[in-house]
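The block underneath contains the structure these notes are about, expressed in structure tokens.
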Amino acid sequence: MPFNFLELLPSYQKSGVRRMVRKRRDIIAGFLSDDYRFQRDDPKKSHAIAAMSDSGILDVTNVAASADARLFGCAFEYLNASQEQRQKIQDKISSETDRVPDRFSGIRYLIEDNIKTWEQILELKAEQEKRTEQLPKSPEFPEHQATESSEDVVNSENADKEDVDLETLARNAAEFLPSIAQSFASIIPRLLTNIEELKRKLSLFSGQNQSLQQQSEQLLIGLQEAQNRAKEWEQYALELDEKNRSLTLDNLRKYTEDLAAGTAHGRRFLLDIDRFDQAQERSAQEAITKESPEGFPEKMQNGNFTGFKLVYSEKFRKDLKKRDPKDQERTRKALELFCEQGPYHNSFGTHSVADDTIQSLPEKSFVSRATDELRFGWRSEENKIICLYRLFREGEKEFYKSEF
Numbered sequence: 163m164p165f166n167f168l169e170l171l172p173s174y175q176k177s178g179v180r181r182m183v184r185k186r187r188d189i190i191a192g193f194l195s196d197d198y199r200f201q202r203d204d205p206k207k208s209h210a211i212a213a214m215s216d217s218g219i220l221d222v223t224n225v226a227a228s229a230d231a232r233l234f235g236c237a238f239e240y241l242n243a244s245q246e247q248r249q250k251i252q253d254k255i256s257s258e259t260d261r262v263p264d265r266f267s268g269i270r271y272l273i274e275d276n277i278k279t280w281e282q283i284l285e286l287k288a289e290q291e292k293r294t295e296q297l298p299k300s301p302e303f304p305e306h307q308a309t310e311s312s313e314d315v316v317n318s319e320n321a322d323k324e325d326v327d328l329e330t331l332a333r334n335a336a337e338f339l340p341s342i343a344q345s346f347a348s349i350i351p352r353l354l355t356n357i358e359e360l361k362r363k364l365s366l367f368s369g370q371n372q373s374l375q376q377q378s379e380q381l382l383i384g385l386q387e388a389q390n391r392a393k394e395w396e397q398y399a400l401e402l403d404e405k406n407r408s409l410t411l412d413n414l415r416k417y418t419e420d421l422a423a424g425t426a427h428g429r430r431f432l433l434d435i436d437r438f439d440q441a442q443e444r445s446a447q448e449a450i451t452k453e454s455p456e457g458f459p460e461k462m463q464n465g466n467f468t469g470f471k472l473v474y475s476e477k478f479r480k481d482l483k484k485r486d487p488k489d490q491e492r493t494r495k496a497l498e499l500f501c502e503q504g505p506y507h508n509s510f511g512t513h514s515v516a517d518d519t520i521q522s523l524p525e526k527s528f529v530s531r532a533t534d535e536l537r538f539g540w541r542s543e544e545n546k547i548i549c550l551y552r553l554f555r556e557g558e559k560e561f562y563k564s565e566f
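This is how it looks when you write it as structure tokens:
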């Protein structure tokens, strides 16, 4: 059964990999195939993600699961490769001094610990299991069994001596009994006093408990009223949102410009805004290819984005050229639907990218589905422009920022 063999490596244990990542990899390894990979559309991947969520691992994604599987798969392939193949891999890793690709991270630990074959891994595992078995166990206390022998028979002289000792003990106990009784007599009144004091405090605490219960009930009533008010405010917010939809950005801009145009300072302010807009437009156009790919749509036709121009960055065009003709055609049809139905149609699964995890995709961007595997990153720019920045296959490592 597959297991996290990286945990057997001293260099991995000392590498500073976060505890949550190590825990995640322990779970992932148990769901991999015998060659330490996920097969295409493998249902075990979803089972692994569910197991990680149950274990308290947050923000679990298909991307992280696939990356861990590639790390294990490359390391396992290295362990089962020929000496010549291993040497080629080592040369490739040593040549990339600036940054070791994530999929080679497991191999890096193997090289550092001079582990070259899968048999060495199995030997390390056997040694670990042997050390575990040799750990000291809780001592078991043997039962004492009474036995009789000739040596246990007491002669009459010893018996007489024991009788004398018992009489002595009895006399000594009788001498101490009066003093013991006197001590108890002095202690009992104090105990009774303490008991009465405890009863008084218990009665006081009981009264305080009733008061706290009443306060708790009042707080619950107040909480219910606050929840009711929150629902009213939520409804009010929905109504305001509905009203705001009728106000377009152009209407607000025109209203502001009309107000500002009434004064000399306002007119100078409008001129400054106009110069700033022109500078922003020139800056945006520098990174955008003016001509669209042949046959691809150029204008949005739906909802709040009606009239927006669709432009394609140079990187998007390069990404598109890398795809086979079928994927290019599917992408073109998806973008036509994107223009007709808007970016929030169910088929696109559009979601925001909050922390710039995708290479060359600016902040406040969105990712939408072009095909089952292809995704395109885009962002709404100034002057009614939607710019397409990247086209990538989900899970392609070159598009994602490194974990290390």
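If you count by my numbering, then the sequence shown holds residues 163 to 566, one letter each, in order. C-beta: ideal position from N, C-alpha, C; glycine also. In this text, all values refer to a predicted model and were calculated from it rather than measured experimentally.
Checklist entry - Counting along the chain, where does the beta strand (DSSP E) carrying Arg541 start and finish? => result As a first step, residue 541 must be located in the sequence shown, where it is residue number 379. First-last of the beta strand (DSSP E) with Arg541: Leu536 to Glu543.
Item to check | Straight-line gap, Asn545 to Ile269 (C-alpha atoms, nearest Å) | outcome: Numbered from 1 along the sequence shown, position 383 holds the residue referred to as residue 545. Numbered from 1 along the sequence shown, position 107 holds the residue referred to as residue 269. C-alpha separation (whole angstroms): 49 Å.
Item to check | Residue environment, Ala229, which counts as buried when at least 16 other CB atoms sit within 10 Å | outcome: On the sequence shown, position 67 is the one that residue 229 refers to. Answer is buried; the Cβ neighbour count reaches 16.
Item to check | Distance between Leu171 and Gly178 (C-alpha atoms, nearest Å) | outcome: On the sequence shown, position 16 is the one that residue 178 refers to. On the sequence shown, position 9 is the one that residue 171 refers to. One C-alpha to the other measures close to 13 Å.
Checklist entry - Should the region 489 to 501 be regarded as contacting the region 526 to 534, the criterion being three or more beta carbon pairs within less than 8 Å? => result yes
Item to check | Cutoff 8 Å; reference Leu421; Cβ partners in own chain excluding five residues on either side | outcome: What you label residue 421 is simply residue 259 of the sequence shown in a count that begins at 1. The residues Gly428, in chain order, have a CB closer than 8 Å to that of Leu421 in the same chain once the five nearest residues on each side in sequence are set aside.
Item to check | Spatial distance of Ala449 from Asp434 (CA atoms) | outcome: Position 287 of the sequence shown, counted from the start, is the residue given in the question as residue 449. Position 272 of the sequence shown, counted from the start, is the residue given in the question as residue 434. The pLDDT assigned to Ala449 is 49, lower than 50, so where the model puts this residue is not dependable; a value taken from the coordinates is nonetheless given after this. Computed Cα separation, rounded: 24 Å.
Next on the checklist: With distance defined between alpha-carbon atoms, name the residue in Ser173, Glu476, Phe528 and Asp196 nearest to Phe165.
Outcome noted: Mapped onto the sequence shown, residue 165 falls at position 3. Taking only the C-alpha atoms, the option nearest Phe165 is Asp196.
Checklist entry - What is the DSSP secondary structure of Val529, reduced to helix, strand or coil? => result As a working mapping, residue 529 is identified with position 367 in the sequence shown. In the structure shown, Val529 sits in a strand (DSSP, three-state: E or B).
Next on the checklist: Contact defined as beta carbons within less than 8 Å: I believe Arg537 pairs with Glu556. What is the distance between those atoms, to the nearest angstrom?
Outcome noted: Counted from its first residue, the sequence shown places residue 537 at position 375. Counted from its first residue, the sequence shown places residue 556 at position 394. The Cβ separation is near 6 Å, so the contact holds.
Item to check | Contact set for Thr279: own chain, Cβ-Cβ below 7 Å, skip 5 residues either direction | outcome: Working through the sequence shown from its first residue, we reach residue 279 at position 117. Excluding positions up to five away in sequence, the list reads Leu241.
Checklist entry - Whose C-alpha, out of Val473, Cys501 and Glu456, is nearest the C-alpha of Gln463? => result In the sequence shown, counting from the first residue as 1, residue 463 sits at position 301. Ranking the options by Cα distance to Gln463, first place goes to Cys501.
Next on the checklist: Going by DSSP, what residue range makes up the alpha helix (DSSP H) through Val129?
Outcome noted: In this structure the chain extends from 163 to 566, so residue 129 is not present and cannot be described.
Item to check | Boundaries of the beta strand (DSSP E) in which Phe510 is found, first to last residue | outcome: If you number the sequence shown from 1, residue 510 lands on position 348. Here Phe510 belongs to no beta strand (DSSP E), and DSSP marks it neither H nor E.
Checklist entry - Given that a residue counts as buried once 16 or more other Cβ atoms are within 10 Å of its Cβ, and exposed if not, what is Ser311? => result Looking up residue 311 in the sequence shown gives position 149. Only weak support is given to the placement of Ser311: the predicted model assigns it a pLDDT of 42, under 50, and the value that follows is read from those uncertain coordinates. Exposed.
Item to check | Arg555 - containing alpha helix (DSSP H), residue span | outcome: What you label residue 555 is simply residue 393 of the sequence shown in a count that begins at 1. That residue, Arg555, is in no alpha helix (DSSP H); its beta strand (DSSP E) goes Ile547 to Arg555.
Next on the checklist: Once DSSP output is grouped into helix, strand and coil, what is the label at Lys461?
Outcome noted: The residue labelled residue 461 in the question sits at position 299 within the sequence shown. Lys461 falls in the strand class under three-state DSSP.
Checklist entry - Taking C-alpha atoms, which residue in Glu239, Gln290 and Glu258 lies nearest to Leu272? => result Looking up residue 272 in the sequence shown gives position 110. For Leu272, the nearest C-alpha among the options comes from Glu239.
Checklist entry - What's the call for Thr493, buried or exposed, on a 16-neighbour Cβ count within 10 Å? => result The count along the sequence shown starts at 1 and reaches residue 493 at position 331. Buried is the call here.
Next on the checklist: Check for me: the alpha helix (DSSP H) holding Arg187 runs from which residue to which?
Outcome noted: Your numbering for residue 187 matches position 25 in the sequence shown. From DSSP, the alpha helix (DSSP H) with Arg187 extends over Arg181 to Gly192.
Checklist entry - Around the C-beta of Ala343, are 16 or more other C-beta atoms found within 10 angstroms, so that it is buried, or is it exposed? => result Taking the sequence shown and counting its residues from 1, the one referred to as residue 343 is at position 181. Label assigned to Ala343: exposed.
Next on the checklist: Can you tell me whether Lys323 is buried or exposed? The criterion is at least 16 other CB atoms within 10 Å of its CB, across all chains shown.
Outcome noted: Stepping through the sequence shown from its first residue, residue 323 is reached at position 161. Confidence in Lys323 is poor, its pLDDT being 44 and thus under 50, which makes the residue's placement unreliable; the coordinate value appears in the next sentence. Exposed, since its Cβ has fewer than 16 Cβ neighbours within 10 Å.
Checklist entry - Mind checking whether Ala226 and Ile189 have CB atoms under 7 Å apart? => result To locate residue 226, count along the sequence shown from 1; it is residue 64. To locate residue 189, count along the sequence shown from 1; it is residue 27. Not in contact: Ala226 and Ile189 (Cβ atoms no closer than 7 Å).
Item to check | Where Phe346 falls, given that 16 or more other Cβ within 10 Å makes a residue buried | outcome: Position 184 of the sequence shown, counting from 1, holds the residue named residue 346. Counting the other Cβ atoms within 10 Å of the Cβ of Phe346 gives fewer than 16, which makes it exposed.
Item to check | Glu172, enclosing alpha helix (DSSP H) - first and last residue | outcome: Walking along the sequence shown from the start, residue 172 turns up at place 10. Checking the sequence, you will find Pro at residue 172 rather than Glu. Here the alpha helix (DSSP H) through Pro172 covers Pro172 to Gln175.
Checklist entry - So does the region 467 to 479 actually touch the region 545 to 554, counting three or more Cβ pairs closer than 8 Å? => result yes
Next on the checklist: Given a cut-off of 7 Å on the beta-carbon distance, is the pair Ala231 and Arg199 in contact?
Outcome noted: Here residue 231 corresponds to residue number 69 of the sequence shown, with the count starting at 1. Here residue 199 corresponds to residue number 37 of the sequence shown, with the count starting at 1. Using a Cβ distance threshold of 7 Å, Ala231 and Arg199 count as a contacting pair.
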